[in-house]
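Residue numbers (this note's numbering), protein chains in the order written: chain F, -6 to 102; chain X, 23 to 134.
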């Protein structure tokens, strides 16, 4: 069964707007990661947040983690057409990584 | 995808035939993983390796076996392919178990 569940399943926005995706999970974790996948390609790592961290930034990306609610969010600011992709959260428990089904983001020019 | 290759990239086979997929890395990472990706399921872990000859099962290991005789190579074998194993298979590597994973380009397998 999937550990992470992303919400929404699909998101469509205009270029320049912010995009927020959420991830909920069920058990305690070592860390939570976000990945991007362009159509037909492998996944690309975006950011890792450890269970003792609450917020991390990387360029236009901001990730938050609330372990009490077992949830995380990924914010992409000032989105670009090139951000169009599927975004997955992945939770890590020891050596076991579990991915959600992903959020499909479309950024319209 | 730099440093990780998968072969073949595409394969069509028939039910009941054995299939072996290869993952090769040049990064000398300790951990290697095999996932399958199906619509609506995201990625699901099949097997992983934490060193030469050290492997363990993932979430969906039934019908699959793996071997790792060298640091750089991780093989996934379907002993007798079934139509339910039609999927896109991704290999990934990482330095540490719960750390950042780097993915290969994927292998699209179709079992008729």
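Yeah, the Cβ is synthetic: ideal placement off N, Cα and C, and Gly gets one too.
All values reported here derive from a predicted model rather than from experimental measurement.
Sequence-distant residues of the same chain with beta carbon closer than 6 Å to residue i, five excluded per side
i, result
"residue 117(X)", "51"
"residue -6(F)", "Because the pLDDT at residue -6(F) is just 47, under 50, the model does not fix this residue reliably, and the value given afterwards should be weighed accordingly. Cβ neighbours of residue -6(F) beyond the five flanking positions: none."
"residue 27(X)", "46"
"residue 51(F)", "40"
"residue 137(X)", "Outside the displayed span of chain X (23 to 134) sits residue 137(X), for which this structure offers no information."
"residue 32(X)", "130"
"residue 48(X)", "25"
"residue 107(X)", "100, 133"
Neighbourhood of residue i by C-beta distance below 7 Å, restricted to the same chain and skipping five residues each side
i, result
"residue 44(F)", "22, 23, 24, 60"
"residue 38(F)", "26, 28"
"residue 49(F)", "40, 42, 56"
"residue 63(F)", "17, 18, 19"
"residue 7(F)", "101"
"residue 30(X)", "129"
"residue 95(F)", "-1, 79, 80, 81"
"residue 10(F)", "72"
"residue 60(X)", "109"
Residue i - partner residues in DSSP beta bridges
i, result
"residue 123(X)", "DSSP, once it has assigned bridges, lists no residue as partnering residue 123(X)."
"residue 77(X)", "71(X)"
"residue 61(F)", "Residue 61(F) pairs with nothing; no bridge assigned."
"residue 19(F)", "According to DSSP, which records beta bridges pairwise, residue 19(F) is partnered with nothing at all."
"residue 43(X)", "98(X)"
"residue 96(F)", "80(F)"
"residue 74(F)", "For residue 74(F), which the question treats as bridged, DSSP gives no partner whatsoever."
"residue 37(X)", "None, per the DSSP bridge assignment."
"residue 29(F)", "37(F), 80(F)"
"residue 13(F)", "68(F)"
"residue 45(F)", "In DSSP, residue 45(F) forms no bridge with anything."
Own chain partners of residue i with C-beta closer than 8 Å, once the 5 adjacent residues on each side are dropped
i, result
"residue 35(X)", "41, 103, 131, 132, 133, 134"
"residue 119(X)", "53, 72"
"residue 105(X)", "37, 133, 134"
Any non-hydrogen atom of the ligand NAD closer than 7 Å to residue i Cβ
i, result
"residue 110(X)", "Absence of the ligand NAD is noted for the structure shown, with no ligands found whatsoever."
contact_flag[the stretch -6 to 9 of chain F, the stretch 95 to 109 of chain X] where n(CB pairs < 8 Å) is 3 or more: no
Quick check: the stretch 73 to 86 of chain F against the stretch 6 to 21 of chain F, are at least 3 beta-carbon pairs closer than 8 Å? yes
Mind checking the stretch 69 to 80 of chain X against chain F and listing, in chain order, the residues whose C-beta falls within less than 8 Å of any C-beta there? Flagged, chain order: 70, 72, 78, 80.
Which residues, taken in chain order from the stretch -4 to 15 of chain F, show a beta carbon closer than 7 Å to some beta carbon of chain X? The stretch -4 to 15 of chain F vs chain X, Cβ under 7 Å: nothing.
Please name the residues in the stretch 29 to 46 of chain X whose beta-carbon is closer than 7 Å to at least one beta-carbon of chain F, in chain order. none
If contact means a Cβ-Cβ distance below 8 Å, which residues of the stretch 117 to 133 of chain X contact chain F? 119, 120, 121, 122, 123, 124, 125, 126, 127, 128
Does the contact criterion of 3 or more C-beta pairs under 8 Å hold for the stretch 64 to 83 of chain X versus the stretch 88 to 99 of chain F? yes
Which residues, in order along the stretch 84 to 113 of chain X, keep a beta-carbon less than 7 Å from a beta-carbon of chain F? 112
Quick one, which residues of the stretch 43 to 62 of chain F are near chain X if we go by CB-CB under 7 Å, in chain order? none
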